[in-house]
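Notes follow the structure.
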Amino acid sequence: MTVTPVTFVERARQAVGSDVARSNRVGAERLAGLREAARQAYPAFDEMRDAARQIRLHTLAHLDDHLQRFADQVERNGGHVFFAADGTEAIGYIQRVIQDRRVRRVVKSKSMVTEEIALNHALEASGVEVVETDLGEFIIQLAGEHPSHIIAPAIHKTAADVGRLFADKLGVPYTDDADELNRIARAHLRRIFLEADLGISGVNFGVAETGSICVVTNEGNGRLVTTAPPIHVAVMGMERVVPTAGDLAQMLEVLARSGTGQGLSVYSNIVTGPRRVGDPDGPDELHVVILDNGRSRALAAETAEILACIRCGACLNVCPVYRAVGGHAYGSVYTGPIGAVVTPALMGLDPWADLPFASTLCGACRDVCPVGIDIPRMLLHLRRRAADERHHPFRWVAPGLRAYRIAATGPWRWRAFLGLGALAARLFGRSGRIERLPFHASGWTRFRSLRAPAKKPFRRRWGERHGT
Amino acid sequence: MERDAFIARVKAAARAARLPDADPPGLVVPDLPEVDLTEAFVAALGRVGGVAHRDDPVEVVLALADRLGTSEYLGWDDEWLPPGVGAGLRHGGLSALAGDVPADAEGRRRHQSGYFDVVLGVTGAEAGFAETGTVVIRSGPGRPRMASLIPEVHVVILAEEAICRSLAHWAETNAGAIVDAANVVFVTGPSRTGDIEMRLNVGVHGPREVHVVLV
């Protein structure tokens, strides 16, 4: 049993070079390539991204109005709405529905927000069977692990891993043939869909004007979860609304292109209320749980724009840090650049203060974002807040900067400080380079050498030449 | 949390939010190159792994049923398919499974278990998108959602004149239609997953094959 390391640096150290990190890298590079190909094949893409950004920012600025309208419309369509301040309230509501309807078996389609509130764990603890039906999530659930990528949760598993897992947990003969593994999963999950009393989905977009919810999947499990069982519970982060059906179309135009390079995902499934009189199938009951869980806090702060995120995963795929360390190093359900902002913005800097530092600030995430979120700016903001609130993860930085300020604010002290540099050059320099520094400074020279400071400081040379 | 308190908290946060000033834009309908809509649709459908047909829909369905070795299909009622299709399928020896699910939970389970292994589905479609090879399928009386979802093979009958340039072009005039039913789905090719080693696999939950018959 390994103990989960508590800091990003420790988790990253464990992850670098691991199979998870390696497969995350391969997957991320592949998806980034597909996205770029889709962008080039669709000249209108950038124009569509601008429009998508405007829609999301406008919605956030008037979120209270749009949420009101959305809730009214869901109820008018015959659905139930519950407003949950946090995960505990959301779980409590869903548990009440489960108890009232004597639900024993729940099927789920992939949803980050239910991961965020650890819904499965809570429901299982109260004796309900919960089955994830997205193939990747199903694999992860069987293995008792956590997703490592927003849209490809089992990206770190090989076919052989999955074959052993299925043989072990489902009692089928071992195979590492991906086609055969898919067939096994399809047949197994079909029976489970049939037996399920309740389906839980996330929500990609809620439409305020009509009370519709849109669930986007490639596999079709999102459709089965919202069609086969008699009750459908949709859990929606409160920021996921868009004003109109036309706005929904606009968002769908950019979502799949950014995530996987597809023009549209295979299924954009739009649900408007429970089944209507005369409808042959679909759920008889619809519940929409609207979740805050830190979102109003994020909205009121400098991090407001992060709520425009549509969870496409494009920023993960281009991030050099994500590519190196993989999803698990972030320690949270939200990984990569977006996770480095979302996690502390929703859950507070304590204990997530080190995530905003897990970035090189190269800006690739901002460039690919379908809604143009300035992630580096928010990372810098969170870093400053971490320092202000004394959550700074690197303990030497603050005293170091204080020492520098003392040195830099008096001519004599400054001259003495420069003298230290010259001394360092003499002690550690070899033919103009510093190859190795001792103790705490050793990190600076582990992978490179530094140019040694000049033996005679510039100030002194200037003084000698100009006689000041 | 009480709704009013929840909304009040959101309102305070939204007023405090430092967001760029943004007006709600209308739908941006991109200026895409002129193409022959049918040809572009067929090409796009092929790219996402679907198959287009221009033959008589009855013949297409019967040939598929023959290949699959089935004499049943789950589909839309006759009145929602082009005239003569339903009768033609029956005449060819196919029988339609009833898609109407009872309202009680036990009845639902029993009914659904009766057709969950169906291999052939037949539906119409409201529109097609040439840019992406997508079809728009709207549920309602006589049009079960399951028909386009649970069979291994899904046949869609689409009128050529219903093909639009792209989702945005269609939504510009039909946005209301998106929500004018309890369920509307945009289907773009067969069900797919890349969840095992990023290798493309079809039919993990939904249809393995999508055939679009243009009429």
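Those protein sequences? They're chains A and B, same order as listed. Taking this note's numbering, the leading residue of the first sequence gets 601, the next gets one more, and so forth. Taking this note's numbering, the leading residue of the second sequence gets 66, the next gets one more, and so forth. All C-beta atoms, glycine included, are put in the ideal place defined by N, C-alpha and C. Quantities reported herein were computed from a predicted structural model and do not represent experimental measurements.
Residue of the options minimising C-alpha distance to residue i
i        : options                                : result
A690(A)  : T714(A), V918(A) and T810(A)           : T714(A)
A1098(A) : R257(B), P95(B) and A168(B)            : Residue 1098(A) lies beyond the range of chain A shown here (601 to 1068); nothing can be said about it.
M66(B)   : A685(A), K769(A), E724(A) and I975(A)  : A685(A)
D143(B)  : E196(B), R208(B) and A73(B)            : R208(B)
R1046(A) : I1034(A), A1052(A) and P1057(A)        : I1034(A)
R983(A)  : R790(A), L824(A) and L961(A)           : L961(A)
G241(B)  : P843(A), L1050(A) and V703(A)          : P843(A)
D974(A)  : E905(A), R791(A) and G927(A)           : E905(A)
G1029(A) : M712(A), G963(A) and P1053(A)          : P1053(A)
C814(A)  : I792(A), P829(A) and G837(A)           : G837(A)
I655(A)  : G846(A), V871(A), I784(A) and G678(A)  : G846(A)
V871(A)  : R857(A), E902(A), V803(A) and A743(A)  : V803(A)
A987(A)  : R1013(A), A953(A), D967(A) and R625(A) : A953(A)
I202(B)  : V218(B), N266(B), N248(B) and I72(B)   : N248(B)
L723(A)  : T810(A), G1043(A), G687(A) and L946(A) : G687(A)
L214(B)  : S231(B), I243(B), E237(B) and P255(B)  : P255(B)
P956(A)  : A945(A), E745(A) and P999(A)           : A945(A)
L719(A)  : S959(A), L735(A), Q741(A) and A787(A)  : Q741(A)
F181(B)  : A190(B), F106(B) and V166(B)           : V166(B)
Endpoints, the beta strand (DSSP E) within which residue i is located
i       : result
Y934(A) : Run containing Y934(A): none; DSSP gives neither H nor E here.
N203(B) : The sequence shown places Arg at residue 203(B), rather than the Asn named in the question. T199 to R203 is the extent of the beta strand (DSSP E) around R203(B).
A192(B) : A192 to F194
M851(A) : From DSSP, M851(A) is part of no beta strand (DSSP E) but of the alpha helix (DSSP H) over A845 to G859.
C814(A) : S812 to T817
Distance, residue j Cα to residue i Cα
i        : j        : result
W996(A)  : V697(A)  : 51 Å
L864(A)  : F194(B)  : 10 Å
A82(B)   : D650(A)  : 20 Å
V971(A)  : G727(A)  : 41 Å
F608(A)  : A661(A)  : 33 Å
L634(A)  : L855(A)  : 13 Å
F645(A)  : V941(A)  : 25 Å
W54(B)   : P206(B)  : The structure shown does not extend to residue 54(B), since chain B is modelled only from 66 through 280, so no value can be given for it.
M1075(A) : V877(A)  : Here chain A comprises residues numbered 601 to 1068, so residue 1075(A) is not present and cannot be evaluated.
M851(A)  : T943(A)  : 23 Å
G271(B)  : D101(B)  : 30 Å
Q1010(A) : L1050(A) : Note that residue 1010(A) is Gly in the sequence shown here, rather than Gln. Distance between the alpha carbons of G1010(A) and L1050(A) is about 27 Å.
D884(A)  : P874(A)  : 5 Å
A1016(A) : G1067(A) : 20 Å
H234(B)  : R895(A)  : 34 Å
R210(B)  : D881(A)  : 6 Å
K1056(A) : G859(A)  : 54 Å
V278(B)  : E225(B)  : 9 Å
D88(B)   : L949(A)  : 32 Å
C229(B)  : D120(B)  : 21 Å
L824(A)  : V150(B)  : 27 Å
G692(A)  : V703(A)  : 14 Å
V626(A)  : G763(A)  : 21 Å
A652(A)  : G198(B)  : 22 Å
V75(B)   : R669(A)  : 14 Å
T253(B)  : R1036(A) : 58 Å
Residue i - containing alpha helix (DSSP H), residue span
i       : result
C919(A) : Where C919(A) is concerned, there is no enclosing alpha helix (DSSP H), given that its DSSP letter is neither H nor E.
S178(B) : A170 to Y180
V277(B) : Counting along the chain, V277(B) falls outside any alpha helix (DSSP H), though it belongs to the beta strand (DSSP E) covering E274 to L279.
T188(B) : No alpha helix (DSSP H) contains T188(B), which is instead part of the beta strand (DSSP E) from L185 to G189.
H721(A) : L719 to A725
K708(A) : Segment R705 to K708 is the beta strand (DSSP E) holding K708(A); no alpha helix (DSSP H) there.
L232(B) : L232 to I243
S896(A) : R895 to A900
Item to check | Residues of the region 835-854 of chain A with Cβ closer than 8 Å to any Cβ of chain B, in chain order | outcome: M838, P843, T844, A845, G846, D847, L848, A849, Q850, L852 and E853
Next on the checklist: Under 9 Å, CB to CB, which of the residues in the region 70-90 of chain B have a partner in chain A?
Outcome noted: If the cut-off is 9 Å between Cβ atoms, the region 70-90 of chain B has A70, F71, I72, A73, R74, V75, K76, A77, A78, A79, R80, A81, A82, R83, L84, P85, D86, A87, D88, P89 and P90 near chain A.
Checklist entry - Using Cβ-Cβ distances below 7 Å, what residues of the region 812-834 of chain A are close to chain B? => result S812, N818, E819, G820, N821, R823, L824, T827, A828 and P830
Checklist entry - Does the region 126-140 of chain B touch the region 159-168 of chain B, meaning 3 or more C-beta pairs lie closer than 8 Å? => result yes
Item to check | Meets three-Cβ-pair contact criterion under 8 Å: the region 253-273 of chain B and the region 751-760 of chain A | outcome: Contact between the region 253-273 of chain B and the region 751-760 of chain A is present, because at least three Cβ pairs lie under 8 Å.
Next on the checklist: Taking contact to mean 3 or more Cβ pairs, one atom from each stretch, closer than 8 Å, check whether the region 183-194 of chain B and the region 115-131 of chain B are in contact.
Outcome noted: yes
Checklist entry - Got a sec: which bits of the region 866-879 of chain A sit with their beta carbon under 8 Å from any beta carbon on chain B, in order along the chain? => result Taken in chain order, the members of the region 866-879 of chain A whose beta-carbon sits within less than 8 Å of a beta-carbon on chain B are V866, Y867, S868, N869, I870, V871, T872, G873, P874, R875, R876, G878 and D879.
Item to check | Contact set between the region 746-768 of chain A and chain B, restricted to residues whose Cβ is under 8 Å from the partner | outcome: A752, P753, A754, I755, K757, T758, A759 and V762
Checklist entry - Are the region 171-183 of chain B and the region 784-798 of chain A touching, with three or more C-beta to C-beta distances below 8 Å? => result yes
Item to check | Within 8 Å of chain A by C-beta, residues of the region 206-219 of chain B in sequence order | outcome: P206, G207, R208, P209, R210, M211, L214 and I215
Item to check | Residues in the region 156-178 of chain B having any Cβ partner in chain A nearer than 7 Å | outcome: G164, D165, V166, A168, A170, R173, R174, Q177 and S178
Checklist entry - Is the number of C-beta pairs between the region 609-621 of chain A and the region 920-936 of chain A that are closer than 8 Å three or more? => result yes
Checklist entry - Counting Cβ pairs, one atom from each stretch, are 3 or more of them under 8 Å apart for the region 670-686 of chain A and the region 106-113 of chain B? => result no
Checklist entry - According to a CB-to-CB cut-off of less than 9 Å, which residues of the region 178-195 of chain B neighbour chain A? => result S178, F181, D182 and F194
Next on the checklist: Against chain A, which members of the region 243-261 of chain B pass a CB distance test of less than 9 Å?
Outcome noted: Per Cβ criterion, the list reads I243, V244, D245, A246, A247, N248, V249, V250, F251, V252, T253, G254, P255, S256, R257, T258, G259, D260 and I261.
Next on the checklist: Against chain B, which members of the region 983-999 of chain A pass a CB distance test of less than 8 Å?
Outcome noted: none
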